[in-house]
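The structure appears right after this line, and notes come after that.
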Amino acid sequence: MRTSVTSSLWLNVFYYCQIVPAQHSVFIYLKRNIRFFIYSSMIAEKFFLLFGFSENIAKSALFYQVFNGAIYTAQWNGTQAKLDTLYDFMLVDMCLRFSYLSICLWVMLISSCTMILYLRKHMKSMEGNSSSFSSPRRQRQMRVTITGMIQTFLFFLCLIWMIVKELFNLVYGQNIDFYGYIGCIVVSLYSFGTTINLCVGQTIFRHRGYEVWQKCLRIGVFLSK
């Protein structure tokens, strides 16, 4: 789930670098090396996920030994120390997940809001020049920004749920979605909305959809006669 969310995040950042002119030296450097930053962030994320995966394996193995009687009374002190160490790792993992999701949320909101403000400013400046406003490049920028707004909304809902879940685990030590039903619903809605949004943003998909719609209209007219 986090992989899909991160992919949407970096896709939005890539659109931001392509649409909004860079003015500050930091953003100019980021725009010139955007692929390096995206690939580096994705690799770092894989190490981050590997850490959480290893922690879950260690937790499952230790709990299996405890609950199946493989740990005797004489070994309990050592087991307790392992449990304490594992708890510390779990706490670090939850803090990292919460910080990571919060950073993703802020990056997505900042990049999306900046694109929206830039488009609004550009539309006002182009009100008296219809030819420039209707150029294919500007229309493509508008389409990308609109799909970015929709993706930001989906991203926001999904990430808020993930942050709330991690916050309850971190502060109260409670899993508010023990069976994962809510998570499955959120993931399904996010995946469905993202798929439709990305497909609509593709020229080939729109052309094929228009052709199918025209065929359906012709069939409807033929059947009505």
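Each residue of the sequence shown is one higher than the one before, counting from 182 in the working numbering. Cβ atoms here follow ideal geometry from the backbone N, Cα and C, with glycine treated the same way. In this text, all values refer to a predicted model and were calculated from it rather than measured experimentally.
Counting along the chain, the unbroken alpha helix (DSSP H) around Ile363 starts and ends at 362-381. Counting every other CB atom within 10 Å of its CB across the protein chains shown gives Val402 a total below 16, marking it as exposed. Where Ile209 is concerned, the enclosing alpha helix (DSSP H) starts and stops at 206-213.
Listed in chain order, the non-local C-beta contacts of Val288 below 8 Å within the same chain comprise Leu190, Val194, local neighbours out to five positions each way being set aside. Straight across, the Cα-Cα distance linking Ser372 with Gln332 is about 11 Å. Secondary structure of Gln355 (DSSP, three-state): coil.
DSSP, read as helix, strand or coil, puts Val201 in coil.
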